[in-house]
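Heads up: the sequence shown is residues -19 to -1, 1 to 174, going by mature numbering (1 follows the signal peptide of the UniProt record, and there is no 0).
Cβ coordinates follow ideal geometry from the N, Cα and C atoms, glycine included.
From a predicted model like this one, the values you see are computed outputs, not experimental measurements.
What follows is one structure encoded as structure tokens, with my remarks underneath.
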Amino acid sequence: MKNNFLNIFFLIFATALFAQTSDTLTVKKEERVIVVNDSILPKEEYNPLAPAKAAFYSAVVPGLGQVYNKKYWKIPIIYAGMAAGVYFYKQQDDEYDRFRDAYKRRLAGYDDDEFQGISDDRLINAQKSAQKNKSISIIVTVAFYLLNVVDANVDAHLRQYEVSEDLSLQPNFDYNQFNAKPQYGMSLTYRFK
């Protein structure tokens, strides 16, 4: 019995000794990731140089930055604004020439111009008005050109933000309990993702 007890003690001691010297215990950690794809189109990689590139393209050829940003519907607006400015400049330039030629003929002593019922002072005022309108037409054309460049740059910057299509406008009707009058309001909801 003493021999069996000694064998059992030796077996337990040897097992404990060998168990502590060899580290064969491995833990397998399994990670589970839930992927939710809530958009139909995959998200594009954002290029930080895209705004500068879009602005450069629009500066070289108006509307090319909008093509780069894939906002094709803005191109006719840009060209219509610039064309309107050029058209009105040309129209006011022709009017200015007509008033100027008539005034020059009057100074030369001729009375056979197309503005016979108009005084010389009115012809001078008409020239000033046409000159002013020409300047405004140039400003409008340059403004549409600059707006084209700025729009391409800002639109390229905003491409990095995901914006929800959930845009809602709702009227609000409330009753003020202090003065017993209705309150009307408008709520605009715009969610960023």
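### Message
Restricting to Cα atoms, I'd like to know which of TYR84, ASN28, MET167 and VAL67 is closest to THR122.
### Response
By one-based count along the sequence shown, residue 122 stands at place 141. Taking only the C-alpha atoms, the option nearest THR122 is VAL67.
### Task
Evaluate ASP155 with the Cβ neighbour count: other Cβ atoms within 10 Å of its Cβ, from every protein chain shown; 16 or more gives buried, anything less gives exposed.
As a working note, residue 155 is residue 174 in the sequence shown. Exposed.
### Message
Quick check on residue 175: does DSSP put it in helix, strand or coil?
### Response
Outside the modelled stretch of the chain, which goes from -19 to 174, sits residue 175, for which no answer is possible.
#### Entry: Nearest-angstrom Cα separation, counted from PHE69 out to VAL131
For the purposes of this step, residue 131 is identified with residue 150 of the sequence shown, where counting begins at 1. For the purposes of this step, residue 69 is identified with residue 88 of the sequence shown, where counting begins at 1. Near 24 Å, if we compare the C-alpha coordinates of PHE69 and VAL131.
### Query
Between TYR77, TYR142 and GLN47, which lies nearest to GLU26 when the distance is taken from Cα to Cα?
In the sequence shown, residue 26 corresponds to position 45, counting from 1. Comparing Cα-Cα distances from GLU26 to each of TYR77, TYR142 and GLN47, the minimum goes to TYR142.
### Message
Would ASP94 and ARG81 be called neighbours here (beta carbons separated by less than 7 Å)?
### Response
Along the sequence shown, read from residue 1 onward, the residue named residue 94 stands at position 113. Along the sequence shown, read from residue 1 onward, the residue named residue 81 stands at position 100. In this structure, ARG81 does not lie closer than 7 Å to ASP94 by Cβ.
### Message
Buried or exposed for PRO43, going by 16 or more other Cβ atoms inside 10 Å?
### Response
In the sequence shown, the residue the question calls residue 43 occupies position 62. Label assigned to PRO43: buried.
### Query
Do ALA89 and LEU104 have their C-beta atoms within less than 7 Å of each other?
Against the sequence shown, residue 89 aligns to sequence position 108. Against the sequence shown, residue 104 aligns to sequence position 123. Contact flag unset, no.
### Query
Per DSSP, what kind of secondary structure is TYR165 in: helix, strand or coil?
Position 184 of the sequence shown holds residue 165. Strand.
#### Entry: Residue burial classification, TYR77 (beta-carbon count within 10 angstroms, cutoff 16)
Locating residue 77 in the sequence shown gives position 96, counting from the first residue. Classification of TYR77: buried, given that the 10 Å Cβ count is 16 or more.
### Query
Going by the CB atoms, is the gap between TYR53 and ALA35 shorter than 7 Å?
In the sequence shown, counting from the first residue as 1, residue 35 sits at position 54. In the sequence shown, counting from the first residue as 1, residue 53 sits at position 72. Against a cut-off of 7 Å, the Cβ pair of TYR53 and ALA35 comes out as no contact.
### Task
Check each candidate in ASN160, LEU139, SER100 and LEU169 and name the one with the smallest Cα separation from LEU150.
Stepping through the sequence shown from its first residue, residue 150 is reached at position 169. If we check each option's Cα against that of LEU150, LEU169 comes out closest.
### Task
Figure out for me which residue from GLY46, ASN114 and ARG79 has the closest Cα to the Cα of GLN97.
Residue 97 sits at position 116 when you count from the first residue of the sequence shown. That would be ARG79, whose Cα lies nearest to the Cα of GLN97.
### Query
Considering only residues of the same chain and omitting the five flanking positions on each side of LEU38, which have a CB-CB separation below 8 Å?
Here residue 38 refers to the residue found at position 57 when the sequence shown is read from its first residue. Reading off the sequence shown, one finds Tyr at residue 38, where the question assumed Leu. Excluding residues within five positions, the ones whose Cβ falls inside 8 Å are LEU45, GLY46, VAL48, TYR49 and ALA133.
### Task
Would you mind working out which of ALA161, PHE159, HIS138 and MET167 sits nearest SER32, comparing C-alpha positions?
Residue mapping note: residue 32 aligns to position 51 of the sequence shown, counting from 1. One detail in the question is off: residue 32 reads as Pro in this sequence, not Ser. The option with the nearest alpha carbon to PRO32 is HIS138.
### Task
With DSSP as the reference, please indicate the residues paired to GLN151 in a beta bridge.
In the sequence shown, counting from the first residue as 1, residue 151 sits at position 170. Beta-bridge pairing links GLN151 to SER168.
### Task
Keeping to the same chain, check which residues put their C-beta closer than 7 Å to that of SER118; ignore five residues upstream and five downstream.
To locate residue 118, count along the sequence shown from 1; it is residue 137. GLY66, PHE69, TYR70 and GLN73, listed in sequence order.
### Query
Is it the case that the Cβ atoms of ASN129 and ILE58 are separated by a distance below 7 Å?
Along the sequence shown, read from residue 1 onward, the residue named residue 129 stands at position 148. Along the sequence shown, read from residue 1 onward, the residue named residue 58 stands at position 77. Result no, Cβ atoms of ASN129 and ILE58 do not sit closer than 7 Å.
### Query
Measuring CB to CB, does residue 179 end up less than 7 Å from ASN157?
In the structure as shown, the chain starts at -19 and stops at 174, and residue 179 therefore has no counterpart that could be examined.
### Message
Suppose you measure from the CA of PHE125 to the CA of VAL41; what does that come to, to the nearest Å?
### Response
Here residue 125 corresponds to residue number 144 of the sequence shown, with the count starting at 1. Here residue 41 corresponds to residue number 60 of the sequence shown, with the count starting at 1. Distance between the alpha carbons of PHE125 and VAL41 is about 14 Å.
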